[in-house]
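Which chain is which? The protein sequence lines are X and Y, in order.
Numbered by the numbering used here, the letters in the first sequence go through residues 237 to 404 in order.
Numbered by the numbering used here, the letters in the second sequence go through residues 644 to 694 in order.
Scroll down for the structure; my scribbles are underneath it.
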Amino acid sequence: MPYYEVDDSTNSILNIISGDSFCTEVSLVSNDEIKYIGKIFGWCFDWRSESNLIDREVYKLTIVGNQKIIQGLISLSVKADHVYINFLESARFNFGKQKLYEGITGNLLAFACQLSFQRGKNGFVAFEAKYCMLEHYTNTYGASEREGHLMVLDTLAAEKLVEKYFKS
Amino acid sequence: MGFIREPEGIYFTIRSKPLTPEVEKALSQYITQRNLEIKMNRIKPYFRTSK
Numbered sequence: 237m238p239y240y241e242v243d244d245s246t247n248s249i250l251n252i253i254s255g256d257s258f259c260t261e262v263s264l265v266s267n268d269e270i271k272y273i274g275k276i277f278g279w280c281f282d283w284r285s286e287s288n289l290i291d292r293e294v295y296k297l298t299i300v301g302n303q304k305i306i307q308g309l310i311s312l313s314v315k316a317d318h319v320y321i322n323f324l325e326s327a328r329f330n331f332g333k334q335k336l337y338e339g340i341t342g343n344l345l346a347f348a349c350q351l352s353f354q355r356g357k358n359g360f361v362a363f364e365a366k367y368c369m370l371e372h373y374t375n376t377y378g379a380s381e382r383e384g385h386l387m388v389l390d391t392l393a394a395e396k397l398v399e400k401y402f403k404s
Numbered sequence: 644m645g646f647i648r649e650p651e652g653i654y655f656t657i658r659s660k661p662l663t664p665e666v667e668k669a670l671s672q673y674i675t676q677r678n679l680e681i682k683m684n685r686i687k688p689y690f691r692t693s694k
């Protein structure tokens, strides 16, 4: 069974309405930006508290040339032998039936894998998934399930994701 | 660059609880084992032929 349902003709995120695709970039969220990422701005998780924790790194996904509009956020901890995803969230306008862009999760997961390689963790990434999503992460991203809904992307799965998203 | 489609109508979030020491230990053992398996699978067999 193939891991990926891929449309090779598009770039990393796709505008659902226009069908246009856009290149994306991932960068650290600055202290100024974090003021505008809260529940009153439509985000579900408490990203401000998250960014204050010492062992957390919070990154944003934006479209190249449009750094102000955040498409998704991810909070990572670099552990001894893997990168752990604490939180991942798409912007309010990117989920549900009326979402504007598709591909946010894949982009951010691929970034976590790339960071894992860069930090010498051989691409290993772990996170806890919702029960209804276990099969999706297994079939689509090649993650393997461990105890307690813990999903692990190993070197092979990580290489495929990084190849797909970061090597054009 | 590629793009992965997401299933319809699902709210994509990850909200992981901090790992307990037991789970972290089990995860480390799994990672060590997978690292070894992947490394072994990547070693090409070498056949020496004698003349």
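Backbone N, C-alpha and C fix where the C-beta goes; we use that ideal spot for every residue, glycine too.
Euclidean distance between Cα positions of residue i and residue j
| i | j | result |
| --- | --- | --- |
| X:Ala-365 | X:Lys-271 | 28 Å |
| X:Gly-308 | Y:Glu-667 | 27 Å |
| Y:Leu-662 | X:Ala-362 | 10 Å |
| Y:Glu-680 | Y:Ser-659 | 27 Å |
| X:Glu-261 | X:Gly-356 | 21 Å |
| X:Cys-349 | X:Tyr-401 | 11 Å |
| X:Lys-304 | Y:Gln-676 | 42 Å |
| Y:Lys-682 | Y:Glu-665 | 26 Å |
| X:Ser-444 | X:Asp-390 | Nothing can be reported for residue 444 of chain X: it is not among the residues displayed for chain X, which extend from 237 to 404. |
| X:Gly-342 | X:Val-319 | 16 Å |
| X:Glu-383 | Y:Thr-656 | 19 Å |
| X:His-385 | X:Asn-322 | 14 Å |
| X:Cys-177 | X:Ile-273 | Past the edges of chain X, shown from 237 to 404, lies residue 177 of chain X, and the structure says nothing about it. |
| X:Lys-296 | Y:Ile-686 | 38 Å |
| X:Glu-371 | X:Ala-379 | 9 Å |
Buried or exposed by the 16-neighbour rule on C-beta atoms within 10 Å, applied to residue i
| i | result |
| --- | --- |
| X:Ala-316 | exposed |
| X:Glu-325 | buried |
| X:Phe-277 | exposed |
| X:Gly-255 | exposed |
| Y:Gln-672 | exposed |
| X:Met-387 | buried |
| X:Tyr-367 | exposed |
| X:Glu-339 | Looking at the sequence shown, residue 339 of chain X is not Glu but Gly. Per the 10 Å Cβ criterion, buried. |
Partners in chain X for residue i, counting only beta-carbon separations shorter than 8 Å
| i | result |
| --- | --- |
| Y:Lys-660 | Glu-364 |
Residue i - DSSP class collapsed to helix/strand/coil
| i | result |
| --- | --- |
| X:Phe-281 | coil |
| X:Leu-312 | strand |
| Y:Thr-663 | coil |
| X:Ile-299 | strand |
| Y:Ile-674 | helix |
CB contact below 9 Å: residue i versus chain C
| i | result |
| --- | --- |
| Y:Leu-670 | You won't find chain C in this structure, because its protein chains are X and Y. |
Residues sharing a beta bridge with residue i, DSSP
| i | result |
| --- | --- |
| X:Asn-267 | Paired residues: none, contrary to the question. |
| X:Leu-386 | X:Glu-364 |
Contacts that residue i makes with chain Y (C-beta to C-beta distance below 9 Å)
| i | result |
| --- | --- |
| X:Val-388 | Leu-670, Tyr-673, Ile-674 and Arg-677 |
Chain X residues whose Cβ lies nearer than 9 Å to that of residue i
| i | result |
| --- | --- |
| Y:Ile-681 | Asn-358, Asp-390, Thr-391 and Leu-392 |
Chain Y residues whose Cβ lies nearer than 7 Å to that of residue i
| i | result |
| --- | --- |
| X:Phe-329 | Residues of chain Y passing the Cβ test: none, with the nearest at roughly 13 Å. |
| X:Leu-324 | Thr-656 and Ile-657 |
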